[in-house]
Structure formats: C-alpha cells, structure tokens
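When we follow my numbering, the leftmost residue of the sequence shown carries the number 164, and every step to the right adds one.
Backbone N, C-alpha and C define an ideal beta-carbon position, used for all residues, glycine too.
Please read all numbers here as calculations on a predicted model, not as lab measurements.
Here is the structure we will look at, set down as structure tokens.
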Amino acid sequence: MMAKNEFLPFATADGANVLSAEDYQTLRSRSNGFSAGVARSQELNTVWRQASVIAHVVAQFIADTNNSDVADDGDLDKLQAGLIQALSKNVNNTVPAASLKTAGITQLSSATNSDSETLAAMPKAVKAIVDNLSGGRLLNIQSFTESGIYTPTPGTRKIRVKCWGAGGSGARMSKQSRGSVSGAGGAYAEVLLDATSFSSVSVEVGTGGAASADGVSLDGGDGGGSYFGKHVICGGGKGGLIGKGLAKGGEPAGGNVMMVGGQSGKGEPTLPVF
C-alpha cells in the first residue's frame, strides 16, 4: 500500500485559470504583495499553484522515501523530521562508497595498520607515519672495541646493534710435532631495538682467546663472549683442541635481524716426530 500525501497541488489541470510565466514574472504585485482592492483570480491562482506544487513535491518525496503518510495537520516538527530522514536515506542509497573504480563517499579512518584502498587517512594515521619516518636516518654510529656503556643520543628512536663474539686461539704444538688445530670463531648477531625503552645499556666486548706458551703442546684459549645488555648475546669461540675433536663455535641469542653461529675450528695434528 502506497503512503498517503495530504499536501495536494492546486490549479495544475490543463487550461487552469492562471497567469502565464511571462505575465507572472512582470506582475507588479509579485514583489510587493496585493494591497487594497480586489485581486484577480488568475493572479491568486498562480501564487497558490506555485506554493502548493513545491509543497506537494517535497511531501511526496518524504512519503515515497520513508514509506509513511504525510499528514496536513500543522505538525511542523514531524514534517521536518520526516524530511531529514528521507534526505539521509536518499544520500545513503544514491551515493555509493568510493573505490578505485567508482566515485562516491570516502570513509575516514585513523587506523595505523590498515591496508584498505577505500579509506582516507585522518591526522592520527598520518602522524604515526611521519613519526616513524622522522627516525629513519642513520646517525651517530658508535663502535665499541672495549666494554663500556651505550647511551642513546637525545632524539634517537631506534638503533641497530651488530655484535661479535671473540674467537678462540689455536692449539699450540710442541717443536717435536707437526700440524695445527685452529680455534673456533665467535658468534655474530644483529638486533633492531626501540631506543625509547631504555636510558643506557651495558656493553661487553669479548677478548680473543689467550695464546699458549712456546715449546709445549696446549689447547688454545677460549674467546670471550660479547653482549649488548640482555638484548643480544654472542658467545665466544672455543680454543683449538689437541686430539679431542674440533673446537665449537660461539652461539648467538636475541638477534631479530640476523644470527650466525661461529665457525668450528679446523685442522688436525700429526703424530709427534722423534
């Protein structure tokens, strides 16, 4: 059942007793209104028709869109609410959401992790991107050749740490023997850290394995481990072994970019020469 519209047009039939458009435009009373005297019916009919036609069209739009009756009961608030509801429905139904191939309404979003192709970024999302970009330059590279403390430069947001463990020394053979057994390499690791989460970090730099004395057959000394706080640890390589297999390379821990274990020792001693 169709909704009813009680706002009806006036004098819309063919041959209605109204002024032509040209005569109405030049009618003197159209600007100032009718004064004392008698107004011609054609003039009044034209005024009423123009007002009633617009009222009817608007009311019919409300009735059709909302599928509800529009009563001529003088309730202005109800009529206005119906018009707003109809306009909202019409916009939502007529204008589609924008896409790469379709023009329409673009929805705003403040998400910083969205991969949508139909949403427009709001200032919050743009700021998050700019904040990350502003910390992207490689500045103030620091190298530690001995143990110490790392303190981020003011304004530093992220750091990339490269850590090496020290290698072990090779095994020493006596003068009556031939051959050699190398020490193992230390581990290597890289880690990317948020520098805003700490004020300083202890740095330990491992030292190479100690050499053996001349003239004796001894295993090599172990290399020392290196670490950057608790964030990344690189074990030192073991010293070269005599008759006990190959020395074991250092082991890494904590690297979120790269981790490589140390190379095992190489070589094999020969029998003593008498």
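Per DSSP, the continuous alpha helix (DSSP H) segment holding F224 begins and ends at S204 to N229.
Under DSSP, V366 takes part in a beta bridge, and its partners are G311 and F391. For the set A222, A334 and L182, the Cα lying nearest the Cα of K167 is the one of A222. Taking C-alpha positions only, D240 is separated from N276 by approximately 44 Å.
In this model, G371 and V289 are separated by some 49 Å (Cα to Cα). For L356, the closest alpha carbon among the candidates W327, F224 and G392 is that of G392. Residues of the same chain with a CB within less than 7 Å of the CB of S363, apart from the 5 flanking positions on each side, are I312, Y313 and T314 in chain order. Our two residues, A334 and G428, have alpha carbons roughly 10 Å apart in a direct line. Assignment of L190 by DSSP, reduced to helix, strand and coil, places it in the coil class. Assignment of A376 by DSSP, reduced to helix, strand and coil, places it in the coil class. Checking the DSSP bridge columns, you'll see R320 has no partner listed.
Sorting T319, G398, S279 and I268 by C-alpha distance to the C-alpha of T359 places T319 at the top. Taking C-beta atoms as the reference points, V354 and G399 fail to come closer than 8 Å.
Taken atom to atom, the span from the alpha-carbon of K321 to that of I304 is near 12 Å.
In summary, G328 is buried, with 16 or more beta-carbon neighbours lying within 10 Å of its beta-carbon over all protein chains present. Judged by their CB atoms, G383 and G348 are not nearer to each other than the 8 Å cut-off. Here the C-alpha atom of D177 lies approximately 34 Å from the C-alpha atom of Q248. By a beta-carbon distance limit of 8 Å, K401 does not contact D377. Their separation comes to about 22 Å. With respect to the 8 Å criterion, D236 and F170 are not classified as neighbours on the basis of their beta carbons. If you compare the alpha carbons of L301, A184, D227 and F361 with that of N208, the shortest gap goes to A184.
For G200, the number of other beta carbons within 10 angstroms of its own is below 16, and it is reported as exposed. DSSP, reduced to helix, strand and coil, places N253 within a helical segment of the structure shown.
DSSP links D357 through a beta bridge to K321. Looking at the DSSP output, P172 sits in no beta bridge, so it has no partner there.
For V423, the enclosing beta strand (DSSP E) has its first and last residue at M421 to V423.
Per the C-alpha coordinates, the member of C326, L301, V368 and V210 positioned closest to T316 is L301.
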